[in-house]
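Asks: After the structure tokens below, expect a handful of questions from me.
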Amino acid sequence: MNLAEILNLAAEMHNIFEATDEDIFEAVMGAKAAWELNMGGSDEVSDGNDDLSTPTAAPGPTWKDATQASLLLGEYFKDIDDPFTCKLELILGSFGQRTRALNTQGMVNSKITHFFQPN
Numbered sequence: 002m003n004l005a006e007i008l009n010l011a012a013e014m015h016n017i018f019e020a021t022d023e024d025i026f027e028a029v030m031g032a033k034a035a036w037e038l039n040m041g042g043s044d045e046v047s048d049g050n051d052d053l054s055t056p057t058a059a060p061g062p063t064w065k066d067a068t069q070a071s072l073l074l075g076e077y078f079k080d081i082d083d084p085f086t087c088k089l090e091l092i093l094g095s096f097g098q099r100t101r102a103l104n105t106q107g108m109v110n111s112k113i114t115h116f117f118q119p120n
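When the letters of the sequence shown are read in order and numbered with my numbering, they come out as residues 2 to 120.
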């Protein structure tokens, strides 16, 4: 296998210019329908094939669940004196710091007047 074959995989070497507007429309609408299905929208994907239903993905754990699991593991490993557990404690600590930072970055500034309706 030469460098060109490694960089340009056969699966990626199809000609995208052969796609018609109808193909693009069907792909976009199929992706939209699958997204709506996973977000709890309509119960079925209308792609012309009503016999097949797409299974929905279960929602992942929340930030709170992940942080609680991290703290629980940290408490368990606290008394074990092993290099692996020391590294794992460090990783769990940095995970907690990172998730708190991401959580605060997602917050929106608000003023107290935003919560009151004008007369």
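Don't be surprised by glycine CBs; every beta carbon is placed ideally from N, CA and C.
Assuming Ile100 and Thr68 form a contact by the criterion Cβ under 8 Å, report the distance between their Cβ atoms to the nearest whole angstrom.
Replies: The displayed chain sequence assigns Thr, not Ile, to residue 100. Thr100 to Thr68, Cβ: 6 Å. Contact.
Asks: Could you pull the start and end residues of the alpha helix (DSSP H) that Asn110 belongs to?
Replies: First-last for Asn110: undefined, no H or E at that position.
Asks: Quick one: which unbroken alpha helix (DSSP H) runs of 4-plus residues sit fully inside the segment 68-110? Chain order, please.
Replies: Listed in chain order, they are 84-106.
Asks: CA-CA distance, Pro60 and Gln118?
Replies: So the two alpha carbons sit approximately 35 Å from each other.
Asks: Would you grab the beta carbon distance between Ser111 and Leu93 for me? Rounded to a whole angstrom, and I think it's under 8 Å.
Replies: About 32 Å; that fails the 8 Å criterion.
Asks: What first and last residue would you give for the alpha helix (DSSP H) that runs through Ala35?
Replies: Unbroken alpha helix (DSSP H) run through Ala35: Asp22 to Asn39.
Asks: Going by beta-carbon coordinates alone, are Phe78 and Leu89 separated by less than 8 Å?
Replies: Cβ distance < 8 Å, so Phe78 and Leu89 count as in contact.
Asks: Report the residue from Met40, Lys65, Glu27 and Leu38 whose alpha carbon sits nearest the alpha carbon of Phe96.
Replies: Minimum Cα distance to Phe96 is reached at Lys65.
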